[in-house]
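The structure under discussion appears below in the form of structure tokens.
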Amino acid sequence: MINIKSRRVVCTFIWIAFLAEILIVSACNKPGELVSKRPRLVVLYATCTVNKNFLSPYNPTVKYSPAMDRFARISTVFTKHSTESDQSGISYASIFTGNQADMHGIYRHPTQLSEDCYLISEAYSDGGFETFFWDGHPMASVSLGYGQGVRPEHVYKRPLLNSEDDDFQKILKKLQTNSEYHAFVMTSFSETHGPYDSTYLEVFLNKYPEERKRIHWSETETQKYLSLYYDNRLQLQWNFPETVAKLGLNEEEIQNLATTVGLLYESRIFCLDYYFGSIVEQIKKAGLLGESLIVFTADHGEILYREDYPVKWEHGFVLLPDVLEVPLIIYSPAFPSRLSRWDLPTRSIDVFPTMAGLSGISLPPTRKVEGVNLTPMLLGREQPKVFQSFSHTTIPPEMLRETRKDWALHMRLFPEIDIRGIWTAVRDQNRFFRWRHFGEGKWDFEAFDLEKDPAARFNIFDKNDQNHHDMTEALIAYKKRLMDNYKDDTLSRVPMEKAKEKLKSLGYME
79 MINIKSRRVV CTFIWIAFLA EILIVSACNK PGELVSKRPR LVVLYATCTV NKNFLSPYNP
139 TVKYSPAMDR FARISTVFTK HSTESDQSGI SYASIFTGNQ ADMHGIYRHP TQLSEDCYLI
199 SEAYSDGGFE TFFWDGHPMA SVSLGYGQGV RPEHVYKRPL LNSEDDDFQK ILKKLQTNSE
259 YHAFVMTSFS ETHGPYDSTY LEVFLNKYPE ERKRIHWSET ETQKYLSLYY DNRLQLQWNF
319 PETVAKLGLN EEEIQNLATT VGLLYESRIF CLDYYFGSIV EQIKKAGLLG ESLIVFTADH
379 GEILYREDYP VKWEHGFVLL PDVLEVPLII YSPAFPSRLS RWDLPTRSID VFPTMAGLSG
439 ISLPPTRKVE GVNLTPMLLG REQPKVFQSF SHTTIPPEML RETRKDWALH MRLFPEIDIR
499 GIWTAVRDQN RFFRWRHFGE GKWDFEAFDL EKDPAARFNI FDKNDQNHHD MTEALIAYKK
559 RLMDNYKDDT LSRVPMEKAK EKLKSLGYME
């Protein structure tokens, strides 16, 4: 039998264990203390213009992104991830600040990001990481304020981060030789932005002969379609019927042109896959994969010839799943092995706080971050929540005013180049709602069932459906919030000539 004294000892130990468990649970609910061991290398690989349906983790029929496929097998694929906007400046600001336009202040690009914004690079710097920025995107550059928290000598003006980069190799070497060292690497760049470069088209077609089979015309005709695309790209985007008539293209030629442009885009995805895969392989080769957090995402997607939609090749100024649903794939040793896919909606604003949570970084309460740290849900410590993903179009840059006067479609859809003309959209689980302008002053709502209609082709909006009515109210309130918080950004805009240079570099102007 246990005597009184022994029982007291046992009870004391039980109470100590109970209190210890309470303390552990409480600690686990604090944003910065959810992981037992924080990573020493964190990589945010944020590229531009990726339609997730051209990546094998989202489309099993794709064969030309093998590195992404390998990465996805050891990571978590977020299947319903949405971006804030359909253009880079706004979307990168959303990813880097964890906030939407009414808080980060970017409503059009190029625009200067305010120093008042608290960026993911600043959070990692404050958390004891040495921060690095491969500054490769003109709309999300250090010169526009997107590199806050990174010392000038750690900013590399290069188009993209690849495994052969000497400075990246130096980071890996330092991590190998100093167990106390922590590094945060982020990159913003564009490998898949239009006009799609044809440099590696032939290499791609040789590597994947099944893709070449889609070409059933001569090499001379292929060159003709490439020239048609490069010489008339903007007109084909925004004045399609008139441009096709002007060029005298018949239906077969239109389809051949669409196939050619699609192959161009795929060849760029093929290159992106190689570059990203080489980074992951270098980290693995250095023996650092188990101590790394690697995040692959994109600012927005891309339309690749939509027969059912007026705009055929584009990502700015329209709100479609092709553009708003972007990849998010996260590798973290903290994730349980069962967590291969996350099928609830997530948002670009959630990337920053979730990465901070997975890195054991507590965000200062004085710094407002609208996004949610998903770490407790991902680790099974909180019940998953369903978030509505709100998105909106950009305010067209003023310097496009002269160019777009010849784009009848764009003039009809966006008659006003100001805050009043933006469209809004929201994803609520598998439902997608949009409030847009149809021309001649007509605004209306649309609804789509993405489970049955993933490309959002068939409008099922019913004004008598209570849920549809609630979503219209939400879209109206969201636009009002954006408009109410919009400030005259004249002072933060980039000088005209510099802005034109940036827009031309991405193909928005000729």
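Per this note's numbering, numbering of the sequence shown is gapless, rising by one per residue and ending at 588. Backbone N, C-alpha and C define an ideal beta-carbon position, used for all residues, glycine too.
Cut-off 8 Å between Cβ atoms - residues of its own chain near residue i, not counting five sequence neighbours on either side
i, result
"R559", "D180"
"C126", "S166, H215, S266, F267, S268, E269, T270, H271, A376, D377, H378"
"N137", "K130, N131"
"I100", "Any reading at I100 must be qualified, since the residue scores a pLDDT of 32, below 50, and its modelled position is unreliable; no value is offered."
"L222", "G167, P188, T189, Q190, L191, V572"
"G365", "Q254"
Residues that residue i bridges to, as DSSP identifies them
i, result
"H159", "T424"
"H515", "W521"
"A434", "Paired residue(s): none; A434 is not in a bridge."
"A376", "T125"
"F526", "F510"
"S370", "L119"
"W391", "L382"
"V504", "F468, F511"
Burial state of residue i, where buried means 16 or more other Cβ atoms lie within 10 Å
i, result
"V87", "Note on V87: pLDDT 37, under 50, position unreliable in the model; the coordinate value appears next. With fewer than 16 Cβ atoms within 10 Å of its Cβ, V87 is classed as exposed."
"K158", "buried"
"Q247", "exposed"
"E480", "exposed"
"K582", "exposed"
"F516", "exposed"
"D543", "exposed"
"E297", "exposed"
"V155", "buried"
"K83", "With a pLDDT of 39 at K83, under the threshold of 50, the modelled position of that residue is not reliable, and no figure is offered here."
"Q254", "exposed"
"M574", "exposed"
"A323", "exposed"
"N256", "exposed"
"V373", "buried"
"T444", "exposed"
"G205", "buried"
"K483", "exposed"
"W521", "exposed"
"Q315", "buried"
"P462", "exposed"
"V404", "buried"
"T568", "exposed"
"N317", "buried"
"Q178", "buried"
"K390", "buried"
Start-to-end residues for the alpha helix (DSSP H) that takes in residue i
i, result
"F354", "329-363"
"H182", "179-182"
"Y170", "166-175"
"I497", "First-last for I497: undefined, no H or E at that position."
"S469", "First-last for S469: 467-470, but that is the beta strand (DSSP E), not the alpha helix (DSSP H)."
"N284", "279-285"
"H546", "544-562"
"P589", "Because the chain spans 79 through 588 in this model, residue 589 falls outside it and cannot be assessed."
"K251", "244-255"
"S415", "Segment: none, S415 is in no alpha helix (DSSP H) and carries neither H nor E."
"W485", "Unbroken run through W485: none, as it is neither H nor E."
Residue i, enclosing beta strand (DSSP E) - first and last residue
i, result
"E575", "Here E575 belongs to no beta strand (DSSP E); instead the alpha helix (DSSP H) covers 574-583."
"E208", "208-213"
"M264", "261-267"
"S199", "S199 -> not in any beta strand (DSSP E); alpha helix (DSSP H) instead, spanning 198-204."
"L406", "406-409"
Cut-off 7 Å between Cβ atoms - residues of its own chain near residue i, not counting five sequence neighbours on either side
i, result
"V228", "S199, T209, F210, F211"
"I538", "A525, F526, D527"
"V103", "For V103, the pLDDT reaches just 32, beneath the cut-off of 50, and the residue's location in the model is therefore unreliable, although a value from the coordinates is still provided. Excluding positions up to five away in sequence, the list is empty."
"P431", "G176, L441, V447, G449, V450, N451"
"L197", "F174, T175, Q226, G227"
"D386", "R535"
"N508", "D527, L528, E529"
"M235", "The question names Met, but residue 235 is Lys in the sequence shown. The answer, listed in chain order, is D213."
Cβ neighbours of residue i in the same chain (closer than 6 Å, five flanking residues each side left out)
i, result
"G110", "With a pLDDT of 46 at G110, under the threshold of 50, the modelled position of this residue cannot be trusted; read the value that follows with caution. Answer for G110: G438, I439, S440, listed in chain order."
"F262", "V120, Y202, F207, T209"
"R292", "T337"
"S570", "T189, Q190"
"M217", "S166, G167, H187, P188"
heavy atom of the ligand NAP below 8 Å from residue i C-beta
i, result
"Y383", "In the structure shown, the ligand NAP is absent, as is every other ligand, since no ligand is present at all."
Proximity test, Cβ basis, 9 Å: residue i and chain C
i, result
"P144", "Absent from the structure: chain C. Only one protein chain is present."
Problem - At least three beta-carbon pairs within less than 8 Å, the stretch 433-450 to the stretch 133-148 - result: They do not touch, by the three-pair rule.
Exercise for the section: Would you check if there are 3 or more beta carbon pairs closer than 8 Å linking the stretch 497-510 to the stretch 325-343? Expected result: For the pair of segments examined, the stretch 497-510 was found not to touch the stretch 325-343: the number of CB pairs separated by less than 8 Å stays below three.
Handout entry: the stretch 342-356 / the stretch 281-301 touching (three or more Cβ pairs under 8 Å)
Key = Under the 8 Å Cβ criterion, the stretch 342-356 counts as touching the stretch 281-301, having at least three qualifying pairs.
Exercise for the section: Indicate whether the contact test is met: 3 or more Cβ pairs, each with one atom in the stretch 548-564 and one in the stretch 415-424, closer than 8 Å. Expected result: Proximity of the stretch 548-564 to the stretch 415-424 falls short of the contact definition, fewer than three beta-carbon pairs being nearer than 8 Å.
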